[in-house]
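Undergrad: So the protein lines, in turn, are chains A and B. Residues in the first sequence are numbered from 2 upward in steps of one, following the working numbering. Residues in the second sequence are numbered from 2 upward in steps of one, following the working numbering. For every residue, glycine included, the Cβ atom is placed at its ideal position computed from N, Cα and C. Here you go, one structure.
2 protein chains.
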Amino acid sequence: MTSLIDSTKDRILAAAEELFARTGVARTSLRAITALARVNLAAVNYHFGSKEGLVEEVYRRRLEPLNRARLANLEQLQRRRRKPSLEEILEAFMSPVASLARDPAQGGPTVMRLLGQTHAEAEAPYKSYFAGEYKRVLDRYHAALCRVLPEIPPADVRWRLQFLVGALTYPVAERQLVELVSGESMSPDNVSQVVHRLLPFVTAGFRAPVSHAKPRRRRPPARATTPRKRQE
Amino acid sequence: MTSLIDSTKDRILAAAEELFARTGVARTSLRAITALARVNLAAVNYHFGSKEGLVEEVYRRRLEPLNRARLANLEQLQRRRRKPSLEEILEAFMSPVASLARDPAQGGPTVMRLLGQTHAEAEAPYKSYFAGEYKRVLDRYHAALCRVLPEIPPADVRWRLQFLVGALTYPVAERQLVELVSGESMSPDNVSQVVHRLLPFVTAGFRAPVSHAKPRRRRPPARATTPRKRQE
DNA sequence: CCGGGATTAAAACAATCGTTTAATGGTAGG
DNA sequence: CCTACCATTAAACGATTGTTTTAATCCCGG
């Protein structure tokens, strides 16, 4: 049976996840993985077919619960009687990230570096594979956000959703660089702190009026730079 | 002298930049670079010592002007009589990115993908090399931002600066994924559009009051996490 | 015209990569 | 006990990697 607690397959997955998160997929050899997992080299090709199959499985087992949690959070929010607020929607999107980092059974802090690497891996074949369900998640949130932000054009809501993903991903993925620059240490607990600190930032960002000044058009920019309070 | 317009060194740099931006450093072989540049394979080791030397030079020649422009913009802003506004500071930080993308002599749209890859390359040795001057830039901006945001604790300003970098980097680096998800095309002109759309977002984000609630005892809006067990 | 450092060229280097093959261990069912 | 099947092991495969070597070529000052 494959459901033993410490099976070869699981040890390979754990070792691969650790190394992928640390040095990326391309720089991680199968020999490094099997050495860390203390299994035979050929076990990877036996259980996963190829390195690409292993990569796909490593990411799938983390991204799938994340997407599912995000969708479930949003649906639960919309099943309520009251109309969800902007802040609630944004928290529903970001909180599963912190939950994953908190739970060692779901990867713990390691999975966060892995998620950062997900966006980093260029031209990954598995990327287009997961882009489908990821797009579905973003589409749902886009619709929900447009509903609570009627004064923001949907295209701008789309962009701001991308900004949110970037702001959420970068400090987690670039843990080393952030630590080096900011001096602060990013312990696993701090990952939820990132979400917590990011929430008011993006909430205000989504509510901001869109700038209507085109780079082409030459409107007098002196008035445009003066801060106008347009929040409700 | 080696400063001829179409020297071997320049062609190697251009080809390496193109391929690094497209598929990352680890997945790009020297043979692919020299084939694209139509130079001999050994020319790389002759002119740059090693592949790592080439990588370092490729990034240095783009990151150095970017850091310099950001510092120059901030200094020019502070030399004025009037106290700079928050929006002006943020635009001083972000606008050099759009300038680089607009100018083909400075890399054009390719350099943007390269910058995205910069943060993506995990455990890069050249990273710590450039982290020094990058930290200097961030420190200057952090001080300037704290001055116009006295009500925000400096630690939060530091975090929000990281959020800004993430929101700025991600849509540019993940061009393919963003296009796939949002449907919009990211032409070189659109890079400056990203900066333009991001400015009001982050301006409002920096002004947002910090959340004083503790992450421990926070009212959960919807907790659908821990969706399933791993083992069957 | 010549000579010599700088540059380019072709070829081979050792090392590492992902993958495959063949042999072995171990266990459940007949 | 044997067979069939799954899992694991050791060993080698061919291909590709970055790098080095060696020779040929260029280019310019004398």
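(1) Buried or exposed: A36(A), going by 16 or more other Cβ atoms within 10 Å of its Cβ?
(2) Taking only the alpha-carbon atoms, compute the straight-line gap between T227(B) and G167(A) and give it to the nearest angstrom.
(3) Around the Cβ of A17(B), are there at least 16 other Cβ atoms within 10 angstroms (buried) or fewer (exposed)?
(4) Take E92(B) and list the residues in its own chain whose beta-carbon comes closer than 7 angstroms to its own, dropping the five residues that flank it on each side.
(5) Going by the beta-carbon positions, is the gap between V98(A) and V158(A) smaller than 9 angstroms?
(6) Can you find a CB in chain B that lies within less than 9 angstroms of the CB of H48(A)?
(7) Measure how close the beta-carbons of A205(B) and G206(A) come, nearest whole angstrom, since I'm counting them as under 8 angstroms.
(8) Could you tell me whether the Cβ atoms of V149(B) and S86(B) are closer together than 9 angstroms?
(9) With 16 as the cutoff for other CB atoms within 10 Å, does Y47(A) come out buried or exposed?
(10) Can you find a C-beta in chain B that's less than 9 angstroms from the C-beta of R12(A)?
(11) Helix, strand or coil for G167(B) per DSSP?
(12) P201(A) touches chain B at which residues, Cβ-Cβ below 7 angstroms?
(13) Check whether the Cβ of Y171(A) lies closer than 9 angstroms to any Cβ atom in chain B.
(14) Under 9 angstroms between C-beta atoms, does D317(B) make it to chain A?
(15) Under three-state DSSP, which class holds G25(B)?
(16) Taking A97(A) as part of the alpha helix (DSSP H), name the residues at either end of that continuous run.
(17) Considering G54(A), what are the terminal residues of the alpha helix (DSSP H) in which it resides?
(18) Could you check what DSSP says for R83(B) in three-state terms: helix, strand or coil?
(19) Whose Cβ in chain A lies nearer than 7 angstroms to the Cβ of T9(B)?
(20) I think R12(A) touches V40(A), with their Cβ atoms under 8 angstroms apart; what is that distance to the nearest whole Å?
(21) One question on the structure: do E175(A) and G117(A) come within less than 9 angstroms of each other, judged by their Cβ atoms?
(22) Anything in the segment 31-45 of chain A with a Cβ closer than 8 angstroms to a Cβ of chain B? List those residues in chain order, please.
(23) For a test of the three-state rule: what should DSSP assign to P155(A), helix, strand or coil?
(24) Looking at the structure shown, is E175(B) part of a helix, part of a strand, or coil, going by DSSP?
(25) Nearest to S100(B) by CA position, among E89(B), A33(B), L67(B), A132(B), is which residue?
(26) Given that a residue counts as buried once 16 or more other Cβ atoms are within 10 Å of its Cβ, and exposed if not, what is K84(A)?
(27) Within 10 angstroms of the Cβ of A145(B), are there 16 or more other Cβ atoms? Answer buried if so, exposed if not.
(28) Could you give the distance in angstroms between the alpha-carbon of R28(B) and the alpha-carbon of Y60(A)?
(29) Within 9 angstroms (strictly less), CB to CB, does R159(A) reach chain B?
(30) Which bits of chain B does R198(A) rub up against, with CB to CB less than 7 angstroms?
(31) Can you name, in chain order, every residue of its own chain whose Cβ lies under 8 angstroms from the Cβ of E58(B), other than the five neighbours on each side?
(32) In this structure, does DSSP put L30(A) in helix, strand or coil?
(33) Can you grab the Cα-Cα spacing for the pair K52(B) / A43(B), in whole Å?
(34) Less than 9 angstroms between the beta carbons of F164(B) and F202(A), yes or no?
TA: For this structure:
(1) exposed
(2) Here T227(B) scores only 42 on pLDDT, less than 50, and its place in the model should not be relied on; the value that follows carries that caveat. Cα to Cα, T227(B) sits roughly 24 angstroms from G167(A).
(3) buried
(4) L200
(5) no
(6) no
(7) 5 angstroms
(8) yes
(9) exposed
(10) no
(11) helix
(12) A209, P210, V211, S212
(13) yes
(14) As shown, chain B starts at 2 and ends at 233. That puts residue 317(B) outside it, with no answer to give.
(15) coil
(16) According to the sequence as given, residue 97(A) is Pro; it is not Ala. Unbroken alpha helix (DSSP H) run through P97(A): 87-103.
(17) 52-80
(18) coil
(19) Chain A residues near T9(B): none, gap ~26 angstroms exceeds 7 angstroms.
(20) 6 angstroms
(21) yes
(22) none
(23) helix
(24) coil
(25) L67(B)
(26) exposed
(27) buried
(28) 19 angstroms
(29) yes
(30) D157, W160
(31) L14, F49
(32) Rather than Leu, the amino acid found at residue 30(A) in this sequence is Ser. Three-state DSSP puts S30(A) in coil, outside helix and strand.
(33) 11 angstroms
(34) yes
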